[in-house]
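S.K.:
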Amino acid sequence: IIGQFAVSHSPEEAILCGIPLCLGMSDPNSASADHSNSNISSNLQIIKDILCTPLKVVLDLKSRRIPPYVWARLVSNLRSRGLEVDGLGSFDIKELRSIEEFCYTPVTKVMFFHSAGDLQAACHANEIHHGDTIFLNGGSLLWEKRSFFEASDIGGCCAQVRDGVMLPKYALQPFAYPLKYFDIAPLDTCKSTTLEHYKNHYSLNIGLYVQEFSICEEALELLTKFVNSTAQNVYNLGVAFGGLNAVTTKGLEGDGYWNQRLLGKNWDETMCPTDVFQGCFVPLKPVFGFV
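The numbering of the sequence shown is the numbering used here, which starts it at 111 and goes up by one.
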């Protein structure tokens, strides 16, 4: 209804829904930009009438070749037409912070991470600020229980069926759980940290996303129930699912992590938010039977 927003690296080619995007009076496009065009505004008003509330969006930035002032100008242009841009999302933290400098009014910076371990590493690299908004792949909070045959290969046993009842295929990693589920020492003496330690230390707003085309019903249900009923205080932004509400595709397999598992760092349970990072992040060893 609104249209697609395509922005070019070259100011001479910057386009907004087929309309030259004016980057200011010094921009050569200024004279040719159709400032009176109201197509977007009228469409947004129709949506507002249907929803009984203004349309709000978070823009996911994909290109790494667009100057920050162009993104800022796009945000201002969209806002002037009635679209409420609530946030800008990117995996590039420096990009997000640079765009904010050019925005007329504040915009929430949504920082995406491939895994909880990536967030942990960013904290220790001094890239995370107090009150930041975070979204990380919920698949990084899960581990897949081994089948009977896989467990037999390593001398263990974790059967999928017990007393005729099919056991869950996935379980949550220990670090994903709220602190209330553990008897944990104070932060300055703790030996096993969780996401909530970092959330509390940095006053973070945390949400989860998944790769929708690679998550099965069971994994999605586990994540949503966990966030909605068990860990609302930790993941206060909920689960972002890019599809129909509460609907997934039958027959899909996977935990929603997909190829991001090749990039995401593992959680280091020995690191605390107040520690100075000096080593490599090592894989967390799941505790079988931890549900």
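Glycine included, C-beta positions come from ideal geometry on N, C-alpha and C.
Hey, how far is the Cα of P187 from the Cα of G199?
M.R.: To locate residue 187, count along the sequence shown from 1; it is residue 77. To locate residue 199, count along the sequence shown from 1; it is residue 89. Looking at the sequence provided, one finds Asn at residue 187 rather than Pro. For N187 and G199, the distance between alpha carbons rounds to 18 Å.
S.K.: I'd like to know if the region 206–214 and the region 179–198 are in contact, where contact means that at least 3 CB-CB pairs between them fall below 8 Å.
M.R.: yes
S.K.: With which residues is S200 paired in a DSSP beta bridge?
M.R.: For this step, residue 200 is matched to residue 90 along the sequence shown. Paired residues: M221.
S.K.: Does DSSP put N376 in a helix, in a strand, or in coil?
M.R.: On the sequence shown, residue 376 is found 266 positions in, with the first residue counted as 1. Looking at N376 - three-state DSSP - the assignment turns out to be coil, as it is neither helix nor strand.
S.K.: For my contact list, D202 and V168 are in at a C-beta cut-off of 8 Å; report their separation, rounded to the angstrom.
M.R.: Within the sequence shown, numbered from 1, the residue matching residue 202 stands at position 92. Within the sequence shown, numbered from 1, the residue matching residue 168 stands at position 58. Not really, about 15 Å apart at Cβ, beyond 8 Å.
S.K.: In whole angstroms, what is the alpha-carbon distance linking M221 and I160?
M.R.: As a working mapping, residue 221 is identified with position 111 in the sequence shown. As a working mapping, residue 160 is identified with position 50 in the sequence shown. M221 and I160: Cα-Cα distance of roughly 31 Å.
S.K.: Please classify N247: does DSSP put it in a helix, a strand, or coil?
M.R.: Position 137 of the sequence shown holds residue 247. Note: N247 maps to strand in three-state DSSP.
S.K.: If we ignore side chains and look at the alpha-carbon of each, how far apart do P164 and I156 end up?
M.R.: Position 54 of the sequence shown holds residue 164. Position 46 of the sequence shown holds residue 156. Between P164 and I156, the C-alpha separation is close to 10 Å.
S.K.: Helix, strand or coil: which one does DSSP assign to K158?
M.R.: Against the sequence shown, residue 158 aligns to sequence position 48. Judged by DSSP in its simplified three-state form, K158 adopts helix.
S.K.: Is it buried or exposed, S250, if we count other Cβ atoms within 10 angstroms and call 16 or more buried?
M.R.: Residue mapping note: residue 250 aligns to position 140 of the sequence shown, counting from 1. Burial call: buried.
S.K.: Closer than 8 Å by C-beta to D385: which residues in its own chain qualify, once you throw out the five before and the five after it? Chain order, please.
M.R.: Within the sequence shown, the letter at position 275 stands for residue 385. These residues qualify, in order along the chain: H234.
S.K.: Tell me whether D170 is buried or exposed, calling it buried when 16 or more other Cβ atoms sit within 10 Å of its Cβ.
M.R.: For the purposes of this step, residue 170 is identified with residue 60 of the sequence shown, where counting begins at 1. So D170 ends up on the exposed side.
S.K.: Rounded to a whole number of angstroms, what is the C-alpha to C-alpha distance between F285 and L206?
M.R.: Locating residue 285 in the sequence shown gives position 175, counting from the first residue. Locating residue 206 in the sequence shown gives position 96, counting from the first residue. For the pair F285 and L206, the Cα-to-Cα distance works out to about 28 Å.
S.K.: Verify whether the separation of the beta carbon atoms of I209 and Y312 is less than 8 Å.
M.R.: Numbered from 1 along the sequence shown, position 99 holds the residue referred to as residue 209. Numbered from 1 along the sequence shown, position 202 holds the residue referred to as residue 312. Cβ distance not < 8 Å, so I209 and Y312 don't count as in contact.
S.K.: Within 7 Å: the Cβ of K279 and any heavy atom of the ligand NAD?
M.R.: In terms of ligand content, the structure shown is empty, and the ligand NAD therefore cannot be addressed.
S.K.: Taking the beta carbon of R183 as the centre, do at least 16 other beta carbons fall within 10 Å, making it buried, or is it exposed?
M.R.: What you label residue 183 is simply residue 73 of the sequence shown in a count that begins at 1. It is buried - the Cβ of R183 has at least 16 other Cβ atoms within 10 Å.
S.K.: Between Q230 and Y345, what straight-line distance do the alpha-carbon atoms span, to the nearest angstrom?
M.R.: For the purposes of this step, residue 230 is taken as residue 120 along the sequence shown, with counting starting at 1. For the purposes of this step, residue 345 is taken as residue 235 along the sequence shown, with counting starting at 1. Each residue's Cα considered, the two are about 15 Å apart.
S.K.: In whole angstroms, what is the alpha-carbon distance linking C326 and R371?
M.R.: For the purposes of this step, residue 326 is taken as the residue at position 216 of the sequence shown. For the purposes of this step, residue 371 is taken as the residue at position 261 of the sequence shown. Going from the Cα of C326 to the Cα of R371 covers about 16 Å.
S.K.: Using only the alpha-carbon positions, how far apart do E328 and A281 sit?
M.R.: As a working note, residue 328 is residue 218 in the sequence shown. As a working note, residue 281 is residue 171 in the sequence shown. The straight-line gap from Cα to Cα measures roughly 10 Å.
S.K.: Quick one, are the C-beta atoms of L330 and V320 less than 8 Å apart?
M.R.: One-based indexing of the sequence shown puts residue 330 at position 220. One-based indexing of the sequence shown puts residue 320 at position 210. Closer than 8 Å, so yes.
S.K.: Look at G317 and L347 and say whether their C-beta atoms are less than 8 Å apart.
M.R.: As a working mapping, residue 317 is identified with position 207 in the sequence shown. As a working mapping, residue 347 is identified with position 237 in the sequence shown. Result yes, Cβ atoms of G317 and L347 sit closer than 8 Å.
S.K.: Assuming T243 and N343 form a contact by the criterion Cβ under 8 Å, report the distance between their Cβ atoms to the nearest whole angstrom.
M.R.: Here residue 243 is taken as the residue at index 133 of the sequence shown, counted from 1. Here residue 343 is taken as the residue at index 233 of the sequence shown, counted from 1. Actually they do not touch by this definition, with Cβ atoms about 16 Å apart.
S.K.: To the nearest angstrom, how far is it from the Cα of Q283 to the Cα of N149?
M.R.: For the purposes of this step, residue 283 is identified with residue 173 of the sequence shown, where counting begins at 1. For the purposes of this step, residue 149 is identified with residue 39 of the sequence shown, where counting begins at 1. Looking at the two C-alpha atoms, the distance is approximately 48 Å.
S.K.: Can you tell me where the alpha helix (DSSP H) with L318 in it begins and where it stops?
M.R.: Residue 318 sits at position 208 when you count from the first residue of the sequence shown. Unbroken run through L318 is the beta strand (DSSP E), N315 to Y319; no alpha helix (DSSP H).
S.K.: Please classify K360: does DSSP put it in a helix, a strand, or coil?
M.R.: Along the sequence shown, read from residue 1 onward, the residue named residue 360 stands at position 250. Looking at K360 - three-state DSSP - the assignment turns out to be coil, as it is neither helix nor strand.
S.K.: Out of F323, K309, L333 and L332, point me to the one whose CA is closest to N369's CA.
M.R.: The count along the sequence shown starts at 1 and reaches residue 369 at position 259. That would be F323, whose Cα lies nearest to the Cα of N369.
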